[in-house]
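Q: Residue numbers (our numbering): 216 to 273. This structure is in structure tokens; I'll ask about it shortly.
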Amino acid sequence: MTIFPFERDGPNFFDALETRSPEQREIEQFELLVAQLQHAKEHSVAYSALLRMWTRRR
216 MTIFPFERDG PNFFDALETR SPEQREIEQF ELLVAQLQHA KEHSVAYSAL
266 LRMWTRRR
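So this is what it looks like as structure tokens:
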């Protein structure tokens, strides 16, 4: 039984994100985490105080 109402040819991947290597997935997830932390630091008084010592190293 398939969750799709139609048959598909080839590998059953929802999109290209599912075919990333584990290394690429980890890199992209950490980039998103850094962006989320930066947003919280810039837009929230509470998180700004909590994350005061956090800086991005690159």
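Beta carbons: idealized from backbone N, C-alpha and C, even for Gly.
With a CB to CB cut of under 7 Å and the five nearest residues on each side skipped, what residues in its chain are close to residue 263?
A: 256
Q: What separation, rounded to the nearest whole angstrom, lies between the Cα atoms of residue 252 and residue 259?
A: Each residue's Cα considered, the two are about 10 Å apart.
Q: Would you identify the three-state DSSP class for residue 229, choosing helix, strand or coil?
A: coil
Q: Go through its chain and collect everything with a Cβ distance to residue 236's Cβ below 8 Å, but skip five positions before and after it.
A: none
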